[in-house]
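Chains as they are written, first to last, in UniProt numbering: chain A, 1 to 218; chain B, 1 to 218; chain C, 1 to 218; chain D, 1 to 218. Backbone N, C-alpha and C fix where the C-beta goes; we use that ideal spot for every residue, glycine too. Contents: one structure, followed by commentary.
Number of protein chains: 4
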Amino acid sequence: MSGAGAGAGAGAGAGAGAAPPGRERARRPGGRTARNRALVLDAVRAQLLEHGYDGLSVDSVAERAGVHRTTVYRRWRDVGGLLADLLDAARDDDWAAPDTGSLTGDLVAVNREVHEALTSTPSLTTALIAASFRSARAASALRDFWEDRYRRCALIVERAVLRGEIPERTDARRLLVAATAPLYHQVVLLRVPTSVQFADQAAHDAARAAVAGVFTGP
Amino acid sequence: MSGAGAGAGAGAGAGAGAAPPGRERARRPGGRTARNRALVLDAVRAQLLEHGYDGLSVDSVAERAGVHRTTVYRRWRDVGGLLADLLDAARDDDWAAPDTGSLTGDLVAVNREVHEALTSTPSLTTALIAASFRSARAASALRDFWEDRYRRCALIVERAVLRGEIPERTDARRLLVAATAPLYHQVVLLRVPTSVQFADQAAHDAARAAVAGVFTGP
Amino acid sequence: MSGAGAGAGAGAGAGAGAAPPGRERARRPGGRTARNRALVLDAVRAQLLEHGYDGLSVDSVAERAGVHRTTVYRRWRDVGGLLADLLDAARDDDWAAPDTGSLTGDLVAVNREVHEALTSTPSLTTALIAASFRSARAASALRDFWEDRYRRCALIVERAVLRGEIPERTDARRLLVAATAPLYHQVVLLRVPTSVQFADQAAHDAARAAVAGVFTGP
Amino acid sequence: MSGAGAGAGAGAGAGAGAAPPGRERARRPGGRTARNRALVLDAVRAQLLEHGYDGLSVDSVAERAGVHRTTVYRRWRDVGGLLADLLDAARDDDWAAPDTGSLTGDLVAVNREVHEALTSTPSLTTALIAASFRSARAASALRDFWEDRYRRCALIVERAVLRGEIPERTDARRLLVAATAPLYHQVVLLRVPTSVQFADQAAHDAARAAVAGVFTGP
DNA sequence: AGATAACCGAGACGGTACGTCGGGTCTTGGG
DNA sequence: CCCAAGACCCGACGTACCGTCTCGGTTATCT
Chain A
1 MSGAGAGAGA GAGAGAGAAP PGRERARRPG GRTARNRALV LDAVRAQLLE HGYDGLSVDS
61 VAERAGVHRT TVYRRWRDVG GLLADLLDAA RDDDWAAPDT GSLTGDLVAV NREVHEALTS
121 TPSLTTALIA ASFRSARAAS ALRDFWEDRY RRCALIVERA VLRGEIPERT DARRLLVAAT
181 APLYHQVVLL RVPTSVQFAD QAAHDAARAA VAGVFTGP
Chain B
1 MSGAGAGAGA GAGAGAGAAP PGRERARRPG GRTARNRALV LDAVRAQLLE HGYDGLSVDS
61 VAERAGVHRT TVYRRWRDVG GLLADLLDAA RDDDWAAPDT GSLTGDLVAV NREVHEALTS
121 TPSLTTALIA ASFRSARAAS ALRDFWEDRY RRCALIVERA VLRGEIPERT DARRLLVAAT
181 APLYHQVVLL RVPTSVQFAD QAAHDAARAA VAGVFTGP
Chain C
1 MSGAGAGAGA GAGAGAGAAP PGRERARRPG GRTARNRALV LDAVRAQLLE HGYDGLSVDS
61 VAERAGVHRT TVYRRWRDVG GLLADLLDAA RDDDWAAPDT GSLTGDLVAV NREVHEALTS
121 TPSLTTALIA ASFRSARAAS ALRDFWEDRY RRCALIVERA VLRGEIPERT DARRLLVAAT
181 APLYHQVVLL RVPTSVQFAD QAAHDAARAA VAGVFTGP
Chain D
1 MSGAGAGAGA GAGAGAGAAP PGRERARRPG GRTARNRALV LDAVRAQLLE HGYDGLSVDS
61 VAERAGVHRT TVYRRWRDVG GLLADLLDAA RDDDWAAPDT GSLTGDLVAV NREVHEALTS
121 TPSLTTALIA ASFRSARAAS ALRDFWEDRY RRCALIVERA VLRGEIPERT DARRLLVAAT
181 APLYHQVVLL RVPTSVQFAD QAAHDAARAA VAGVFTGP
């Protein structure tokens, strides 16, 4: 739900989630492997931000990471593997759906996050989307990432139900997609310049529809 | 709205007598030049269908069209130019929004067309979407194509207003996007297997929301 | 003189109990270490026969022998070391020069052996020759092997002198080279298809020249 | 007969034999192709001399020639192709067998040439021989080269017959091989340090055998 | 019989070279 | 004015071997 970039950027640095379990003594090898992973994933992020997907070659990543080409090929096989690993790492974060006290507030918050992720230039998220069209592995990892985000966002709907804002049988996924899809559509597919007001409007529309009981039943 | 492929796939030799892509000065529109354009665009379509966007190289198109590489480079410059020309040609068709007598019926009809265009394998439409992430020219042409389709679909909303199904001040574009975006989102971005029921549901949801007056006002 | 392959191919597990290659300190000649040596040398022979010298990589040998890469690197250092060890093992056989009762007969017998070793397909001998151009260690081992063979063949000349067939002061080495060199030349360097008749002819020519006293004096 | 290097080295420089036919105006292209060939073949020669066959990679040649890797691959396919082209060019020279007035003198002259070609360090000839074991194309070209040389040397035998030095039915090829093979054998295969006296001796032996009528008959 | 040094399996790594594909430029020559 | 042909430079691909390194686990021989 939130742009992939948000989460993906979180784990940057020395490979917080990729560190070896246990001892810190990254003498030479032993730690080298883990350090290389961090170096490479950082390089992928940086390269993606600076030059977009088309500037993302195994060679450029390897050079940027200060690691040998063949090492990258050995462990990640190709660009898709790099992206998949990046997305997998991004999934291991602690992102949580916003909790503003109202359905509309939560949806607006989510959509603003998405808007930010999609329209910031350069946008890691759009680069990853572009990548997903070229690599099956990246596509799969991106799908998993989004599924994870939608699952976490289900909380928003549950809370709204508990508060009595919307009918009990509201389909969470359908509502969330109704709120976010127009934004993605506008920015990613139609490529129309899109203001944050558009994001807010889509959130409001979805909330009102939910209140009207649109997302219940078949 | 309808998949780009529908229109684009229509006529094989569609562009035979059509105007050349960008330049106004139609110096030599007849004879070999025009024939080559048709041959090349046909080859682009065929190559896209058979091998997807990644199998679309200037070389492969040229060979398939029986034309020399340099000829393609000279007139279309790159793959993006080929796709842009293809989409421009596709926009010159006579597609019209469905007219079933009810808002829901119309939206369902549109969404089924989209569903078909997106899930047929191979899908020209998804290939074009993929292409739009690699080529600014293709992206621009695809955007123009879609804007054209949404404009034609505005009729659906106008008729529904005239019939008194939905409030007078309903925002046509917002409604149409609400109906179609979830479908694109699901298929193109989330890559979740999607049945035609999902398409129908999205159409129904949007129609109900419109009836509830969601798409009026700010 | 005889093709290197003859001796080298003799015993499968030829080196099982033999001394380790270079080092004097036979620290642990028994058990796994010795078994590994036999496995590896067998793999070298087999690989050489099946794929020639160019198919002989440390990796392929290790895999074929069921031994780890690093084990091979540790003990033999590189491909040249493997070949040198193989040739050293081959020199420890009981090959003896033929004894047919006449100089011509002996030379013909030798040349037929050489011919067989060089023209059998696949030919271990030619593979070893090829190898000798790439590895100094292999070249040295091959030279030692051949010197050993020529030394053993000197008997042929001594016997011919005793029988009074050729002058007393005949230079054994010169005669033997005169008999065999054309065969090697033809097959190995000129790469001309060569029949066994050619081998016989070279033997006869050398014998006649010896009888004529060509290989005496300076 | 003469070492391959002798001839091959002759054409060095600006590609004397490889120049385009006709006009000298190697402006840019047109002449570029021919100039590239000369540059590349020169680089092959130089690289072979400096680093031997094992230092001869397509990459190193391309870099040395100041030409792009892919250009070399396109025109010569691999290292074997480079060597074959080099040898083909070498065959187009005007080398002629020596004519000293006596069979022994001619053979000695030839053998000294061979000796020089084989023992000069670095030796282009031995590098080419080594190469011929790795590349079928190089082997074939080298064979053709040598066949050409033996054919030219047949004159030596014919003249000796005319002078009445040797029997009329002497087999030229057999005699020439008998004279030169021991030298190649000693230097190339046995790798024994070899003086020019050895070359002279082999020539004398062959001449004496020829006089004795060894190379007539079956 | 146990200690210990030699050996081995495992696997990542940096590195050279391979041969191929595609992109995009350029020039010649012919219609 | 257009086009066919084809060489070229260039970046990138993914693979094969090479030789090195460190780790942890066996195993043969010595004490």
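If you check the CB distance, alanine 206 (chain B) and alanine 178 (chain B) come in under 8 Å.
With contact defined as three or more Cβ pairs closer than 8 Å, the region 39 to 47 of chain C and the region 63 to 71 of chain C are in contact.
Taking the Cα positions, aspartate 106 (chain A) is about 11 Å away from leucine 176 (chain A). The beta carbon of arginine 112 (chain A) is closer than 7 Å to those of Val196 and Ala199 in its chain, skipping five residues each way along the sequence.
Bounds of the alpha helix (DSSP H) holding glutamine 197 (chain A) are 196 to 211. In this structure, leucine 189 (chain B) places its C-beta atom within 8 Å of the C-beta atom of tyrosine 184 (chain A).
Three or more beta-carbon pairs separated by less than 8 Å link the region 80 to 92 of chain D to the region 142 to 159 of chain D, which places the two stretches in contact. DSSP, read as helix, strand or coil, puts leucine 189 (chain D) in helix. Residue-level contact by beta carbon fails for tyrosine 73 (chain B) and chain A, as no gap is shorter than 8 Å. By the Cβ rule, the region 156 to 169 of chain B does not count as touching the region 122 to 130 of chain B, because fewer than three pairs are nearer than 8 Å.
Contacts with chain B at 8 Å (Cβ-Cβ) do not include alanine 96 (chain A).
In the same chain as alanine 138 (chain A), and ignoring 5 residues on each side of it, the C-beta atoms closer than 6 Å to its own belong to Gly80, Leu83, Ala84, Ala131 and Ser132, in chain order. Not a single C-beta of chain C is nearer than 8 Å to the C-beta of aspartate 85 (chain D). Close to proline 182 (chain B), with beta-carbon spacing below 7 Å, are these residues of chain A in chain order: Val177, Ala178 and Ala181. Against chain D, the CB of valine 214 (chain C) has a partner CB under 8 Å away; the residue lies at that interface. The C-beta of isoleucine 156 (chain B) comes no closer than 8 Å to any C-beta of chain A. Of all residues in the region 145 to 172 of chain B, the ones placed with a Cβ closer than 8 Å to any Cβ belonging to chain A are Trp146 and Glu147, in chain order. Residues of chain A with a Cβ closer than 8 Å to the Cβ of leucine 190 (chain B) are, in chain order, Arg143, Trp146 and Glu147. For arginine 151 (chain B), the enclosing alpha helix (DSSP H) stretches over residues 136 to 162. Using a Cβ-Cβ cut-off of 8 Å, alanine 43 (chain A) does not count as an interface residue toward chain B, since no Cβ of chain B sits closer than that to its own. Along the region 39 to 123 of chain B, the alpha helix (DSSP H) occurs as fully enclosed runs of 4 or more residues at 58 to 65, 69 to 76, 79 to 91 and 103 to 119, listed in sequence order.
With fewer than 16 other Cβ atoms from the protein chains shown falling within 10 Å of its own Cβ, threonine 100 (chain D) counts as exposed. CA-CA distance, tyrosine 73 (chain B) to arginine 74 (chain A), rounds to 36 Å. A check of alpha carbon separations from alanine 43 (chain A) across A:Ala34, A:Val58 and A:Arg32 identifies A:Val58 as the nearest. Note that the C-beta distance between threonine 180 (chain C) and valine 114 (chain C) is below 8 Å. Excluding residues up to 5 positions away in sequence, Arg152 lie with their Cβ nearer than 7 Å to the Cβ of alanine 96 (chain A) in the same chain. For the pair arginine 32 (chain A) and aspartate 54 (chain C), the Cα-to-Cα distance works out to about 34 Å. At a cut-off of 8 Å between beta carbons, arginine 77 (chain D) makes no contact with chain C.
Assigned with DSSP and collapsed to three states, glycine 217 (chain B) falls in coil, not helix or strand.
Within the same chain, Cβ atoms closer than 6 Å to the Cβ of glutamate 168 (chain C) are found at Val161, the five residues on either side in sequence being excluded. Under the Cβ criterion of 8 Å, alanine 90 (chain A) is not counted among the residues facing chain B. Against chain C, the CB of histidine 115 (chain D) has no partner CB under 8 Å away; the residue lies outside that interface.
Neighbours of histidine 185 (chain C) across chain D, judged by C-beta separation under 8 Å: Val177, Thr180, Ala181, Tyr184 and His185. Of the other Cβ atoms in all chains shown, fewer than 16 fall within 10 Å of the Cβ of arginine 77 (chain D); this residue is therefore exposed.
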